[in-house]
Structure formats: structure tokens, C-alpha cells
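Presented below is the structure to which this report refers.
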Amino acid sequence: MTQTTPPAAPPAAVTTAVPGRRFDAVPLVLVPLLALVALPLVGSINSWITLTVAGLAMGMMIFVIASGLTLIFGLMDVLNFGHGAFIAVGAYVALSALGPLAGWIQTDALGWNLAALLVAALAAMAVTGVLGLAFERVIVRPVYGQHLKQILITMGGLIVAEQLIRVVWGADQKPMPLPAGLRGAVLFGDIAVEKFRLLAVVVGLSVLGAMLLVLNRTRLGLLIRAGVENGEMVEALGYRIRRLFVAVFVAGSALAGLGGTLWALYRETLTADIGAEVMVLVFIVIIIGGLGSVGGCFIGALLVALTANYTGYLAPKFALVSNIVLMVAVLMVRPNGLWPVAKR
Amino acid sequence: MAEPLLTLSGVHTHIGRYHILQGVDFAVPAGGVTVLLGRNGAGKTTTLRTIMGLWRASAGTLTFDGRPIGSLATPDIARAGIAYVPETMGIFADLTVRENMLLAARSGPPDPGRLDWIFGFFPALKTFWQQPAGVLSGGQKQMLSIARAVVEPRRLILVDEPTKGIAPAIIENMIRAFRELKRSDTTILLVEQNVRFASALGDHAVVMDDGRIVHAGPMAALAADAALQGRLLGLSLESHT
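Laid out in C-alpha cells, this is it:
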């Protein structure tokens, strides 16, 4: 490069015009706002805290499941209706992993309980990660860019996976043993908070923290964020977006396996269609959050779970439709979701 | 004329059922600026995208630095030394200016000396270094798009209509920046409709019409021949300034 004296700067008005867009903090306010609106409706402060903590725990679990799916859609516009398969497989693998660790989960020692859950979660993530690799290669790759075929074939993949689960683990409902140390509630004065829900909050926040760390502090994260926005330009800069997508697909599948483990422990039972059941909520979450947006997915998951919990308490008959109403309300104000990703 | 760095021979490109490039033949000499001119819809952007592998040539050969690149994937073409500034600028709006530049610098953190050189032309990028690129004005985004392409030395830069809708003061600095790049052995293939910009920079002119090359020669000769301009482009370059 020939170094020469740089030219004079153009007029300040041209180069330093004040940027027009500011950080959008509105979605951050929505979660506390929803909780505050619910407080007078619920009436009892104890019930409100219990419902709120339960909602936050449920939201964290949904976030763990949905975060990978939103990145998968954002990076390659892939509509993976088969994501529920990873949730279900993850839950069943965790169940199998906990079998030989019965001694660790039956003791009251919290350390052994958590160690058992860690082993089960890692096993679930490993199996669903490998399954995700195969799923992407065999089912998703042939239908890149073909949304209708993606919907059909990934739903087909989900159905096949559910049937295979029934073949391997049986068709009957299985009890998912919650470790002894995580049963019951912790009392804060008159307020009882279930121990497992606290664990779910911790796991959800850890996943969020790890994802934000990777996305904002590493080159891989930089590539993922850029790829979600404009994959073609990432390729034109010399990076292979397909490899990146496979890595994200595997990570997203592993997170679904972790989420499935938590969801099964939360329900304390599991059936082969556990994944399909939760997928409705997951899709609502990623649509509300803005497709491809991890931050939006987190806020969306908390809103969906809190809405479900408050409505279930206040008007149980409307619990099923409450999240559809929430989604419609959000999309009427923000058609691209709460925190939409800037798209090419 | 210098040895060609890039050669297109009989290149055809189909987009869906549309036959856009219909046997494109031209060469981009090493060093200097080759300007690709033509009416709207002539196939200029398709030519750049085909070179980058973003759209596949259905027939013909593309050779870069003596190596066929027609079958390479876009990332491999980029890694061969070709940078691309698309008409849409292609900046990552949710990433900061700094992150956009970090991403473009494949071999590691950008060289501080080269960054200072870039800031000399495009000082707004230094001012908004930590701001999301989405908040920049149109001209500032174009600065970033070009800066990203030159953050590391590249053999060939494909630039698609960089002056479209950009303030004259920024265009002046772009001209200076591209002249500096010419001096640094970087070859530029420029799609441009701003004739003053094209004439100020161009060494060679290639004119397209209906997906074919209809003229190739020195830019100065085309700029000086109003009749030729009228015949090739439908109007005089002077009337277009």
C-alpha cells in the first residue's frame, strides 16, 4: 500500500451527522410492566410472587429451547418444525441417564442431585447435538430455500422421531424423577418458591449469559450475528455460512435437548409428544421476539410464560388462548417482533 | 494494456427463467480502474454477482489471476483476493462500525496504520467507531462498505454504483480513496452511472447492453467521443453529468 497524506476531511455536516436510531428499551420494560399490571389483579402478594417466579422459571426453560431455533431461522431462513424431536429425545436420554444414577438422585445431598442432573443434561445435549448434525445433513440440507418443503419434511422428521422414541422407550407415560434435594419449596417468610424453579432460572440465566458472551465477545458470535442479518454478505467476505449454520444447528439442537430435560423435570412425566406440545409456545416466543433475535427470544419467552401463569390463575378458561392474544397484540404494534434483527 | 487480472469468456447467467448475461466477454487489466457502463438492466450488477459466485454462470469461463473461479464457492472467490461492495452496501446494521471492520479483516485485527489511512478518507467511521452501523447516514454506510472492502489489501475490488444517492463531498473523498488504491496495485472493477466519477477514475471502459459487451476501450476515448456515448449508452455522458 502506498502511504500518502490523507485528504482533507469533508464538511463536518456530511461526516458527523448525528445518527438517528437509538437503543430500543421498550421490550425490556414489558416484562416488569406485565408483572406490575398482574399484581393488583392477583391481589395476594404471596400468590403474585409464586406465580411470577413460576412464570420466570417456565420462561427460562422455553428460552433455552427456543434460542437455538431462532438462530437457526435467522441464519438460513430454515423453518425447523422438527425442533420438538430434540426436546423429546433430550428428555428421554436424560431419563435413561438418570436410571443408573438412582442413588445420586434419591439422596438428600444437593451436590449429588445436581451432579446427576449435570450428567443427564450433558448426555441429553450430546445425543441431541449428534442427532441435530444428522438431521441437518439428511433432512434440512436438501430443502434449503424451500419453505413449504421445509415445513413438510421437518414435521415428517418430528413424526418419525416420535415413533422411534416409542419403539426405543415405549409408548407409555414415563415418570421423570425429580432429585430429592430439589423437591419441595424454599420459604422466604410466607412466600414459597419451588426449588426446581429456582434451578431452572439459574440454568436459563446461565444459557443467556453464555450466549450473549459468545455472540458479543467472540469472532464466532460476530459471524453468527452478521450471518443472521445478511448471510450472503458474510460469504462475500470470505466465510462459509453453511459451516456456521451447521454449528448453530448442532448447538441449537443440544440446547433443545437441555430444555427438554428441564421441561420433563418440571412436568415430572414425559411422553413421546412432549416436544410437539411445547413447540406451539416456542414458535409464539420466536415470533414475538423477532425471528433471529436472541434478546427478543428471551423477552418473548418471559412474556409468554408470565402471561400463561397469570391467566391460568385469574381466568383458567382463557389460559390456552392467552398467548395467541399476546402474540396478536405484539404483532399489531410491532409486526416484525419486539426486537427484530436488521435484515438485508 | 497490462495483463488481464480477471477474464470473462462467453459467460451466461440465468436467474430463474430469465437469461440475463448472454455471452459476456471482457478482461480487467491488472492495476487501474475498469469502469463497467450500461443502461439500467443491461446486466452490470449481474456481472459482478456472477464474478463473486453469488449467481452461478450457466456457461462460459471466469479466470482470476490465471485460475478458473467459475466453479468456486463465494467464500473461496473472496479468499482468492476479490472484495465486493454491493449496490445495497451490505453493511451489518446491528453490528458496530468496528465489528463490521473486524469481520472484514479475515487475517486478524485490522492494521492500525491502514485504519488511519482509511480514516483519512472517511473520518466519520472513526467518529462512529463504536456505534451500530444501522444508525449511520446513507453516505456513511457507503464509506463503511468501501472501507470494509479495503481494510486488508485485496487484488481486485468489485464496486457497484458507490455514488448512488451520495453527497458530493463524500464522492470527492471516494475519488481520492480509489486513486490511492490504484497507486497501491489494487485493481478496481467499477459499475457506475455517475459519469464525472467514472471519468475521474476510469482507465478502461466496458459498455454492456442487453447482457452483452458492446464496447471495450480506454475510458478517455469514450469520454471524449459524444457520438460513441450516444450510440452505446443512449445519451451523451456530458448530458448525464
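Those sequence lines, one after another, are chains A and B. Per the working numbering, the very first residue in the first sequence carries number 1; after that it's consecutive. Per the working numbering, the very first residue in the second sequence carries number 1001; after that it's consecutive. All residues carry an ideal CB built from backbone N, CA and C; glycine is no exception. Note that the coordinates shown come from a computational prediction; the quantities given were computed from them, not determined experimentally.
- For residue 1058 of chain B, the enclosing beta strand (DSSP E) begins and ends at 1057 to 1064.
- DSSP places residue 1172 of chain B in the uninterrupted alpha helix (DSSP H) bounded by 1168 to 1183.
- Between the region 163 to 175 of chain A and the region 85 to 103 of chain A there are three or more inter-stretch CB-CB distances shorter than 8 Å, so the stretches are counted as touching.
- Chain B places no beta carbon closer than 8 Å to that of residue 334 of chain A, leaving this residue out of the contacts.
- Annotation: residue 299 of chain A is outside any beta strand (DSSP E); the continuous alpha helix (DSSP H) that includes it extends over 294 to 314.
- Residue-level contact check: residue 236 of chain A touches chain B, since one or more beta carbons of chain B fall below 8 Å from its beta carbon.
- Judged by DSSP secondary structure, residue 1037 of chain B falls within the beta strand (DSSP E) whose first and last residues are 1033 to 1038.
- Taking a contact to require three or more Cβ pairs closer than 8 Å, the region 1091 to 1099 of chain B and the region 1050 to 1061 of chain B do not qualify as touching.
- Listed in chain order, the non-local C-beta contacts of residue 1131 of chain B below 7 Å within the same chain comprise 1096 and 1097, local neighbours out to five positions each way being set aside.
- At least 8 Å separates the beta-carbon of residue 1084 of chain B from that of residue 1147 of chain B.
- Residues of the same chain with a CB within less than 6 Å of the CB of residue 1163 of chain B, apart from the 5 flanking positions on each side, are 1171, 1194 and 1197 in chain order.
- Not one beta carbon of chain A lies nearer than 8 Å to the beta carbon of residue 1031 of chain B.
- For residue 56 of chain A, the CB contacts under 6 Å within the same chain, skipping 5 residues up- and downstream, are 201 in chain order.
- Straight across, the Cα-Cα distance linking residue 1062 of chain B with residue 1046 of chain B is about 14 Å.
- A Cβ-Cβ contact shorter than 8 Å links residue 279 of chain A with residue 84 of chain A.
- In the DSSP annotation of this structure, the continuous segment of the alpha helix (DSSP H) that includes residue 92 of chain A starts and ends at 83 to 98.
- DSSP places residue 1208 of chain B outside any alpha helix (DSSP H); the residue lies instead in the beta strand (DSSP E), whose first and last residues are 1204 to 1209.
- DSSP places residue 194 of chain A within a strand segment (E or B) once states are collapsed to three.
- For residue 266 of chain A, the three-state secondary structure derived from DSSP is helix.
- Inclusion of residue 1191 of chain B and residue 1159 of chain B in the CB contact set at 8 Å is warranted, their separation being smaller than that value.
- Contact of residue 1017 of chain B with chain A is not assigned, every C-beta pair being separated by 8 Å or more.
- Within its own chain, the residues whose Cβ lies closer than 6 Å to the Cβ of residue 60 of chain A, once the five positions on either side in sequence are excluded, are 200, 201 and 204, listed in chain order.
- Among the residues facing chain A, residue 1219 of chain B is not included, as its CB has no counterpart in that chain under 8 Å away.
- In this structure, the beta-carbon distance from residue 1144 of chain B to residue 226 of chain A does not fall below 8 Å.
- Between residue 171 of chain A and chain B, the shortest Cβ-Cβ separation is not below 8 Å.
- With a cut-off of 8 Å on Cβ pairs, the region 118 to 129 of chain A is in contact with the region 257 to 276 of chain A, counting three or more such pairs.
- Look at residue 1094 of chain B: its C-beta is under 8 Å from a C-beta on chain A.
- Contact residues of the region 1089 to 1123 of chain B toward chain A are 1090, 1092, 1093, 1094, 1095, 1099, 1102, 1103, 1104, 1106, 1114, 1117, 1120, 1121 and 1123 (C-beta to C-beta distance below 7 Å).
- Only 1052 and 1054 from the region 1045 to 1064 of chain B bring a Cβ to less than 7 Å from some Cβ of chain A.
- Between the alpha carbons of residue 230 of chain A and residue 243 of chain A lies a distance of about 15 Å.
- Proximity of residue 158 of chain A to chain B, defined by a Cβ-Cβ separation below 8 Å, is not satisfied.
- In the same chain as residue 208 of chain A, and ignoring 5 residues on each side of it, the C-beta atoms closer than 6 Å to its own belong to 298, in chain order.
- If you draw a straight line from the Cα of residue 1108 of chain B to the Cα of residue 1123 of chain B, it is about 22 Å long.
- In the same chain as residue 136 of chain A, and ignoring 5 residues on each side of it, the C-beta atoms closer than 7 Å to its own belong to 246 and 249, in chain order.
- The residue from A:218, A:53, A:182 and A:272 with its alpha-carbon nearest to that of residue 162 of chain A is A:272.
- Closest option to residue 1204 of chain B, judged by alpha-carbon separation, among B:1212, B:1188 and B:1116: B:1188.
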